[in-house]
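Under numbering that gives the first Met the number 0, think of the first position of the sequence shown as 0, with each following residue one higher. We put the beta carbon where it would ideally sit given N, CA and C, even for glycine. This one's a predicted model, so the numbers in the text were calculated from it and none came from an experiment.
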Amino acid sequence: MTNLLPGGEQIIMAPQEKIFLWGDRLAYEEAGDQNDVLWTEGILSLEGISFERLLRKLEKYYDYRIEVERSEMPRIRIVRGKIKLTDGIDHALKVLQMASDFNYEKQEDNRLIIIK
């Protein structure tokens, strides 16, 4: 990975490491939690994540905008679980529906998902 900040330092990552920006430098450390690196295998862990943060991750992975049209954010009612991201956004949302109380509408033409 190359740092785009002045100096252009490089870090070669090993499995189970995570990289982050520390001031104006790149740094790395062992990933203490296996869930931190599951995305490299196309898997998203539901453990310890809020519904809102999960939606932001899905937006980024699938390149969809997700809006919530509810007065309260849905809550995930399970402690552990994983979603296989390569199965698509509809699969991910159906798995989430089993762990939370919401419906959704998908607008393919403008890549929008509305959580109701």
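Considering only the alpha carbon of each residue, which of the options lies closest to residue i?
i: Ile77; options: Val94, Glu16 and Arg64; result: Val94
i: Arg110; options: Phe50, Glu66 and Glu51; result: Glu66
i: Phe50; options: Lys105, Glu71, Ala13 and Arg24; result: Glu71
i: Glu40; options: Asp86, Leu53 and Arg55; result: Asp86
In chain order, what residues of the same chain have a beta carbon less than 6 Å from the beta carbon of residue i, not counting five sequence neighbours either side?
i: Phe101; result: Pro73 and Ile114
i: Tyr103; result: Leu92, Ile112 and Ile114
i: Arg79; result: Glu46
Please tell me whether residue i and residue j are closer than 8 Å, where the distance is taken between their beta carbons.
i: Tyr63; j: Leu84; result: no
Residue i to residue j, Cα distance in whole Å?
i: Pro16; j: Glu107; result: Per the sequence presented here, residue 16 reads as Glu, with Pro not at that position. Using only the alpha carbons, I get a separation of about 36 Å.
i: Val97; j: Ile82; result: According to the sequence displayed, residue 97 carries Met and not Val. If I take the Cα positions, the gap works out to 12 Å.
i: Ile75; j: Ala13; result: 32 Å
i: Ile88; j: Leu57; result: 8 Å
i: Arg55; j: Ile48; result: 11 Å
i: Ser99; j: Ser44; result: 15 Å
i: Ile42; j: Lys105; result: 22 Å
Hey, is residue i's beta-carbon within less than 8 Å of any beta-carbon in chain D?
i: Arg76; result: In the structure shown, chain D does not exist; there is a single protein chain.
Please list, in chain order, all residues of the same chain as residue i whose beta carbon is under 7 Å from its beta carbon, the five residues on each side excluded.
i: Trp21; result: none
Can you find the residues in the same chain that come closer than 8 Å, C-beta to C-beta, to residue i, ignoring five residues on each side of it along the sequence?
i: Glu68; result: Ile113, Ile114 and Lys115
Can you list, in chain order, the stretches of the alpha helix (DSSP H) that have 4 or more residues and sit fully within the stretch 71 to 106?
-> 88 to 98
Let me know the alpha helix (DSSP H) ranges lying completely inside the stretch 42 to 74, each 4 residues or longer, listed in chain order.
-> 50 to 61
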